[in-house]
Structure formats: structure tokens, C-alpha cells
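Have a look at the structure below before the remarks.
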Amino acid sequence: MTSRVGLVLGSGGLAGTAFHAGVIAALADELGWDARMAPTIVGTSAGSTSAALLRAGFPPPDFVARMTGQPLSADGAAILDGMPPASAVGRAGRGEGGGGQGARRRPASPEMLARAVRRPWAVRPGSVASGLLPPGQVSTAELRSGFAGLFTEWPGEQLWICAVRLSDGSRVVFGRDEAGRGSSVADAVAASCAIPAYYEPVTINGERYVDGGAHSLCNADLVADLGLDAVVVSAPMSTSDRLALSLDHPWRAAARAQLAVEVRQVVRSGTRVLVVHPTQPEREVMRGATLDPRRRPAIARAAYASARHLLSRAHGGAVDVVRAAGRA
Numbered sequence: 030m031t032s033r034v035g036l037v038l039g040s041g042g043l044a045g046t047a048f049h050a051g052v053i054a055a056l057a058d059e060l061g062w063d064a065r066m067a068p069t070i071v072g073t074s075a076g077s078t079s080a081a082l083l084r085a086g087f088p089p090p091d092f093v094a095r096m097t098g099q100p101l102s103a104d105g106a107a108i109l110d111g112m113p114p115a116s117a118v119g120r121a122g123r124g125e126g127g128g129g130q131g132a133r134r135r136p137a138s139p140e141m142l143a144r145a146v147r148r149p150w151a152v153r154p155g156s157v158a159s160g161l162l163p164p165g166q167v168s169t170a171e172l173r174s175g176f177a178g179l180f181t182e183w184p185g186e187q188l189w190i191c192a193v194r195l196s197d198g199s200r201v202v203f204g205r206d207e208a209g210r211g212s213s214v215a216d217a218v219a220a221s222c223a224i225p226a227y228y229e230p231v232t233i234n235g236e237r238y239v240d241g242g243a244h245s246l247c248n249a250d251l252v253a254d255l256g257l258d259a260v261v262v263s264a265p266m267s268t269s270d271r272l273a274l275s276l277d278h279p280w281r282a283a284a285r286a287q288l289a290v291e292v293r294q295v296v297r298s299g300t301r302v303l304v305v306h307p308t309q310p311e312r313e314v315m316r317g318a319t320l321d322p323r324r325r326p327a328i329a330r331a332a333y334a335s336a337r338h339l340l341s342r343a344h345g346g347a348v349d350v351v352r353a354a355g356r357a
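With this note's numbering, the residue at position 316 of the sequence shown is 345, and numbering never jumps.
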């Protein structure tokens with residue numbers, strides 16, 4: 030019987046999309062595993078765009094080609110027909126809901142802050158921060174329109190896209206939760222990518238949503254207890270190096286610690302986990318490039334080379350499960 034391998038794609042801005050591209054292509058080229066075959070794909074923020082492309086059928090080898098401006102396969106080009114090129118994404122304009130300087134300085138969600146005061150244990154710090162910061166002014170319309178043409182309905186295979194509901198700070202998993210019923214993939218992706226204080230919150234079914242990374246940078250805990258044989262986690266904001274627990278990369282240290290808690294939860298459920306973090310070369314290329322589309326070609330190439338090196342040398346555990354699934 031073919032092993033069931035899930036995929037978790039974490040936050041990371043435009044740099045994260047390039048990192049995911051390298052990892053997805055490396056998994057196909059080194060282990061023979063086509064990420065489109067994952068029974069469950071979880072995407073958060075940058076990861077939601079890659080997750081949606083996979084569910085649209087975009088071929089894994091084309092991910093790096095798209096980031097680097099190289100020719101796509103015939104299948105890849107057909108899927109992206111009419112979608113803006115990767116180099117255009119991220120050059121969004123201002124939104125229409127500004128409301129003046131005073132509105133821009135007010136917290137995005139006073140109601141969430143009130144809830145956090147009443148029940149501080151019920152709202153995660155990242156969600157509280159998203160409610161405290163002023164609403165962003167950059168529109169997600171271009172991102173939304175790009176993905177709108179890829180889907181006429183929600184995919185039949187599990188596609189779980191994470192966002193944070195501004196009214197109460199709760200995580201909503203589009204494609205799984207009742208709260209997200211009736212949303213389009215394009216709206217869910219836009220909501221998941223709506224970085225607090227930068228992008229406008231995205232309204233779906235009367236609720237405003239922001240970046241799912243405010244709850245968790247990867248949301249890997251969602252794949253616990255699904256009965257999967259293994260899960261691959263691509264974590265652009267984490268780090269492969271424990272030395273990054275130093276002052277050099279304090280935010281990466283926090284990301285690694287958060288992910289470690291989630292990975293332990295998945296492992297305890299009986300699922301093996303393969304995590305691909307940025308190594309030193311990718312961290313250097315990614316430094317300061319979170320929202321810079323010009324840096325994505327170099328990041329994608331570095332992530333691809335590093336992931337292939339890691340996968341070629343790794344044996345046992347989750348890697349062998351993924352390799353076996355690729356050969357099946």
C-alpha cells in the first residue's frame with residue numbers, strides 16, 4: 030500500500046514562496062515524490078499560495094522555473110495562463126478602505142483586545158498583536174484575482190488554508206472549518222496572506238481575516254491524528270541551526286521553538302515528520318528579503334540546492350517513507 034505523506038507549507042512572505050519552490054522541486058527531483066499527491070496540504074500565508082498552486086495541478090519542477098523566470102512545462106504554462114507572473118506579485122497598490130490617518134492609527138480589532146483582557150489564555154500573542162496593530166492599507170486584490178482563475182470550486186483533495194479571524198483572534202482553517210464554508214480558494218489565500226498592518230484585512234462571510242501566521246507560522250499541529258505515515262514541513266521562517274538561538278536570528282529561534290512544539294504533537298500521534306528549514310546559505314540570501322520579489326530567484330535556487338543536498342544524505346524515518354511514496 031502506498032504511504033500517505035502530507036505537506037505543511039509555512040509563512041515567510043515573498044521569500045517564503047521562493048523557499049517553498051526550491052523545497053517542492055527538490056522533493057520531486059531527489060526523492061521522486063510529487064507533492065500534488067499529498068492527501069492533505071496545509072498552507073499558511075506564503076505557504077497558502079504554493080498549496081493552492083499544487084492543488085491546481087501545477088507541476089513541482091515548474092515551481093523553481095516560475096521563481097527564476099525560466100520556461101515552464103506545457104502543463105505548467107497552461108495552468109498559469111492568465112495569472113500574473115511571479116515577478117509581478119507583491120507590487121500591490123493601496124487599498125480603498127483607508128479612512129484617514131486617525132483610522133490607520135487605531136487598532137485593527139478593539140473587540141479582540143477586549144477578549145484578550147477578559148481571557149488572556151484564549152488568544153495567542155501573535156493574534157493579539159494583529160488586533161493591536163492598525164489595519165493595513167495595501168490591497169490583496171491582485172493576489173486574489175490571480176488565484177480566482179485557477180478554481181471554480183474548492184478542490185476535492187484536502188486543502189487547508191489558515192487565517193486569523195480579527196473579531197476574536199481564533200484560527201480558522203478554510204477547507205476544514207465550518208466558519209470558512211462557502212469561501213473561495215482565492216479569498217482564503219488572500220486572507221491567509223494578509224500581513225497585519227501591511228495588507229488590508231480580507232472580509233469573508235462578514236468576518237475580517239488576517240495572516241494565519243499570527244496564530245502559528247506553520248500550523249503543523251493540524252496534521253496530528255490524521256493517520257498519515259509521514260509529513261513534510263517546509264518552514265521558511267525557522268532555521269536548521271541551533272546556533273541561531275543566539276542574538277543573530279532571535280526571531281528564527283522563536284519560529285524553530287514554536288515548530289518544535291507542533292512537531293512533537295504530530296510525532297506523538299504516530300506520524301513521522303521531515304522538516305526542511307533554511308540553512309546558513311539560504312538565511313543569508315533571505316535576510317531582509319521578506320517582501321522583496323527581486324530576491325526570489327536567488328532564494329529559490331539556494332533552497333533547491335540545499336534541500337537536494339539534505340535529502341540525498343538523509344536516511345531512515347520520514348525520509349524513507351517519502352522516498353518509498355515517490356517510488357510507488
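For glycine and all other residues, C-beta sits at the position ideal for the given N, C-alpha and C. Note that the structure is predicted; figures quoted are calculated from it, not measured.
Since residue 183 and residue 71 are thought to touch, with beta carbons under 8 Å apart, how far apart are those beta carbons, to the nearest angstrom? Their Cβ separation, rounded to whole angstroms, is 15 Å, which puts residue 183 and residue 71 out of contact at 8 Å.
If you follow the alpha helix (DSSP H) that residue 313 is in, where does it begin and where does it stop? From DSSP, the alpha helix (DSSP H) with residue 313 extends over 309-315.
Please confirm if the stretch 48-66 is in contact with the stretch 198-217, defined as three or more CB-CB distances below 8 Å between the two stretches. The stretch 48-66 vs the stretch 198-217: no contact.
Looking at the structure shown, is residue 201 part of a helix, part of a strand, or coil, going by DSSP? Looking at residue 201 - three-state DSSP - the assignment turns out to be strand.
Under the three-state DSSP convention, the category residue 182 falls into: Residue 182 sits in coil when the DSSP states are folded into three classes, being neither helix nor strand.
Which residues does DSSP list as the beta-bridge partners of residue 192? For residue 192, which the question treats as bridged, DSSP gives the partners 201, 240.
Quick check on residue 60: does DSSP put it in helix, strand or coil? Helix, per DSSP.
Return yes when the Cβ of residue 112 is within less than 9 Å of the Cβ of residue 175, no when it is not. Yes, these two residues count as a Cβ contact at 9 Å.
Can you tell me where the beta strand (DSSP E) with residue 152 in it begins and where it stops? Under the DSSP assignment, residue 152 falls outside any beta strand (DSSP E); it carries neither an H nor an E label.
Within this structure, are the beta carbons of residue 160 and residue 177 separated by less than 9 Å? No, they are not a contact pair.
Contact set for residue 211: own chain, Cβ-Cβ below 7 Å, skip 5 residues either direction: So the list reads 234, once near-sequence residues are dropped.
Within its chain, find whatever has a CB closer than 6 Å to the CB of residue 179; leave out the 5 residues flanking it on each side and keep chain order. Excluding residues within five positions, the ones whose Cβ falls inside 6 Å are 85.
Delimiting residues of the beta strand (DSSP E) encompassing residue 298: Taken as a continuous stretch (DSSP letters only), residue 298 belongs to no beta strand (DSSP E), as it is neither H nor E.
In three-state DSSP terms, what is residue 224? DSSP places residue 224 in coil when its eight states are reduced to three.
Hey, out of 163, 53, 198, 350, whose CA is closest to residue 148's CA? For residue 148, the nearest C-alpha among the options comes from 198.
Residues in its own chain within less than 8 Å of residue 260 by CB, not counting five upstream and five downstream? So the qualifying residues of the chain are 34, 35, 36, 37, 249, 252, 295, 300, 301, 302, 303, 347.
For residue 62, which residues in the same chain have their Cβ closer than 6 Å to its Cβ, ignoring the five residues on either side in sequence? Once the five neighbours on either side are set aside, the close Cβ partners of residue 62 are 56, 351, 354, 355.
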